[in-house]
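Asker: Quick one: the structure is below, and I'll ask about it shortly.
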DNA sequence: TGTACATCAGTGAACGCGCGTTCACTGATGTAC
DNA sequence: TGTACATCAGTGAACGCGCGTTCACTGATGTAC
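Residue numbers (our numbering), protein chains in the order written: chain A, 30 to 252; chain B, 30 to 252.
See the structure below:
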């Protein structure tokens, strides 16, 4: 999909990091640390398992080295997830926006892909959207969710749909509309992430039901 | 609202526990521990602050005593929240079901009250609905959310609305409908709980928007 | 009414653990002269 | 071409901490005879 770039996002096995980095090559170690933390997070399925020591071990470094590359543990963890905020935009939202002309159809596609994205690796989703605010470094705090290209793009799509007369914007305009749709999808994903064993209807059925309700409502009388 | 009962749910200050419990009165200590843990959770606003030692301190006991009353920390924590699962049913769902005849109006009321409930003390909500499955003692796991009186009652209300011809049940029937509505509300609350500082439209506006979308849809064409 | 005994709430001290982080350091690498 | 020096990635050892949990115990309370 994207051009060849260093594979920082998703990799299959634990990343290898040969010998000591040369003078200007500290960034390579930094990438290795990020990749190792990412792998650890996915492999363990638990944020708690990602300790500074464990990450250092996985990269083949000693713990103090981590602090040469990251301010502290929270920054490291969130930087891991920043990669996935990018991915969310690059892999889920942007392609649909670029290729699907019909805004309503675009929303449907984004909805399905968003849920898939969340369920594919739940621990990232948990940190990105469900983590304690106090663990979120300030500079990432609100911005990542709201002013990411991501959510902004969705609002744009909704606006387009409203402009083209496809959707009715209520009191709050397109932003509220986007929030409503996102809340439903987020509620769905968050539940699955938190309680994967909870018996529930199939995800795809629920996404469709959410979209249908969102678009057409479930009431019989149009009052 | 409810008859006079020992106030285990919400109290203003840290609970007092005078001297050693008499022979048959171990349960009083147990209640005191639960109340202290609850208070600590609310006061600190963080599950992490609720350690066995901190709870013991708050009650005026030594840590080992906790283990006479609770199997381990997870059980204690979740039992704290079990109180609030009860509250959710008793204070939010049941009163509305008992007093509001119109099922659609009942859903509206429950929606507002549910969101209020969640935002009133976020840390409980977090543990109840957003906590790691592995920290949830097995016997509470799925049951609390789904087969609580709570969610069951909501499904009942939705069923009634469908039976009375007020709502259209889609492919998945009332259960899916209830899930859709709950997902949207949960998504809203969960976001506020996780990122309280995130700029977002006012809650009440969003709840209304969710209800309107859920009931009437936002699409202009009825296709 | 008095005494021996069983019960059981609560204690004191410690277990081992892993955590995030800091410090003064080593030693390889590149650069300036 | 050779040497002194600055840079900087990475280390070893330790800091202090708070955690959940266990153990053998004390001592007050109720009960049986």
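We treat Cβ as the ideally placed atom computed from N, Cα and C, and that holds for glycine. A quick note: this is a predicted structure, and the numbers were derived from the prediction, not measured.
Quick one: which residues of the region 187-210 of chain A get their C-beta closer than 7 Å to a C-beta of chain B? List them in chain order.
Answerer: Answer set for the region 187-210 of chain A: 194, 195, 196, 197, 199, 200, 201, 204, 205, 206, 208 and 209.
Asker: With a threshold of 7 Å between beta-carbons, can residue 245 of chain B be considered close to chain A, or not?
Answerer: Chain A, which has a Cβ nearer than 7 Å to the Cβ of residue 245 of chain B, makes this yes.
Asker: Mark residue 244 of chain A as exposed unless 16 or more other C-beta atoms lie within 10 angstroms of its C-beta, in which case mark it buried.
Answerer: Buried is the call here.
Asker: Using only the alpha-carbon positions, how far apart do residue 208 of chain B and residue 235 of chain A sit?
Answerer: If I take the Cα positions, the gap works out to 8 Å.
Asker: Check whether the region 143-158 of chain A and the region 71-89 of chain A touch, using three or more Cβ-Cβ pairs below 8 Å as the test.
Answerer: Output reads yes: the region 71-89 of chain A touches the region 143-158 of chain A.
Asker: Could you name the residues of chain A that residue 107 of chain B contacts, counting a contact when the two beta carbons are closer than 9 Å?
Answerer: Those do not exist, as residue 107 of chain B stays about 13 Å from chain A at its closest Cβ, beyond 9 Å.
Asker: Tell me whether the region 125-138 of chain A and the region 183-197 of chain A touch, counting them as touching only if at least three CB pairs, one residue from each stretch, are closer than 8 Å.
Answerer: The region 125-138 of chain A is in contact with the region 183-197 of chain A.
Asker: Let's see if you can read the secondary structure: which residues bound the alpha helix (DSSP H) around residue 152 of chain B?
Answerer: It spans 151-154 - the alpha helix (DSSP H) in which residue 152 of chain B sits, taken as one unbroken run.
Asker: For a cutoff of 7 Å on Cβ pairs, would you count residue 34 of chain A as touching chain B?
Answerer: A caution first: residue 34 of chain A carries a pLDDT of 37, below 50, which makes its placement in the model unreliable, though a value can still be read off. It does not; no Cβ of chain B falls within 7 Å.
Asker: By Cβ distance, which residues of its chain are closer than 6 Å to residue 106 of chain B, with the 5 residues on each side in sequence left out?
Answerer: The answer is none, since no qualifying residue turns up.
Asker: Of the residues that make up the region 141-159 of chain A, which ones have a beta carbon closer than 9 Å to any beta carbon in chain B?
Answerer: So the close ones are 155, 158 and 159.
Asker: Where does residue 242 of chain B land, buried or exposed, given buried means 16+ other C-beta within 10 angstroms?
Answerer: By the neighbour-count rule (16 or more Cβ atoms within 10 Å), residue 242 of chain B is buried.
Asker: Suppose contacts are defined by Cβ-Cβ distances below 7 Å. Is residue 109 of chain B in contact with residue 95 of chain B by that definition?
Answerer: No. Outside cutoff.
Asker: Indicate whether residue 230 of chain B and residue 84 of chain A have their beta-carbon atoms separated by less than 7 Å.
Answerer: No.
Asker: Measuring alpha carbon to alpha carbon, tell me which residue in A:165, A:219 and A:139 is nearest residue 121 of chain A.
Answerer: The candidate whose alpha carbon is nearest that of residue 121 of chain A is A:139.
Asker: Going along chain A, which residues have a C-beta under 9 Å from residue 184 of chain B?
Answerer: Those within 9 Å of residue 184 of chain B in chain A number zero; the least Cβ separation is about 12 Å.
Asker: Of all Cβ atoms in chain B, is any one closer than 7 Å to the Cβ of residue 234 of chain A?
Answerer: With 7 Å as the cut-off, residue 234 of chain A counts as an interface residue toward chain B.
Asker: Report the neighbours of residue 162 of chain A on chain B: residues whose CB is nearer than 8 Å to its CB, in chain order.
Answerer: Near residue 162 of chain A (Cβ distances below 8 Å), the residues of chain B are 223, 224, 225 and 226.
Asker: Going by Cα to Cα distance, which pick from B:225, B:144, B:142 and B:125 is closest to residue 164 of chain A?
Answerer: Closest option to residue 164 of chain A, Cα to Cα, is B:225.
Asker: Kindly list the residues whose CB is nearer than 7 Å to the CB of residue 144 of chain A, restricted to its own chain and excluding five residues on each side of it in sequence; keep chain order.
Answerer: Excluding sequence neighbours, residue 144 of chain A sits near 214, 217, 218, 232 and 236.
Asker: Which bits of chain A does residue 91 of chain B rub up against, with CB to CB less than 9 Å?
Answerer: Near residue 91 of chain B there are no residues of chain A at all, since even the closest Cβ is about 27 Å away, more than 9 Å.
Asker: So residue 87 of chain B contacts chain A; which residues on that side make the cut at Cβ distance below 8 Å?
Answerer: Chain A residues near residue 87 of chain B: none, gap ~21 Å exceeds 8 Å.
Asker: Give a yes or no on whether the C-beta atoms belonging to residue 189 of chain A and residue 247 of chain B are separated by under 7 Å.
Answerer: Their beta carbons are not under 7 Å apart, which means residue 189 of chain A does not touch residue 247 of chain B by this criterion.
Asker: What's the C-alpha gap between residue 148 of chain A and residue 220 of chain A?
Answerer: Answer to the nearest angstrom: the Cα atoms are 10 Å apart.
Asker: Hey, how far is the Cα of residue 187 of chain A from the Cα of residue 137 of chain A?
Answerer: Looking at the two C-alpha atoms, the distance is approximately 11 Å.
Asker: Give the residues of chain A in contact with residue 230 of chain B, contact being defined as C-beta atoms less than 8 Å apart.
Answerer: In chain order: 201, 204, 205 and 208.
Asker: Pick out the complete alpha helix (DSSP H) segments inside the region 79-143 of chain A, 4 residues or longer, and give them in chain order.
Answerer: The region 79-143 of chain A contains these whole alpha helix (DSSP H) runs: 81-88, 92-98, 102-116 and 123-128.
Asker: Use the C-beta contact count for residue 101 of chain A: other C-beta atoms within 10 angstroms, 16 or more gives buried, fewer gives exposed.
Answerer: That one is exposed.
Asker: Under 7 Å between beta-carbons, which chain A residues line up against residue 241 of chain B? List them in chain order, please.
Answerer: 199, listed in chain order.
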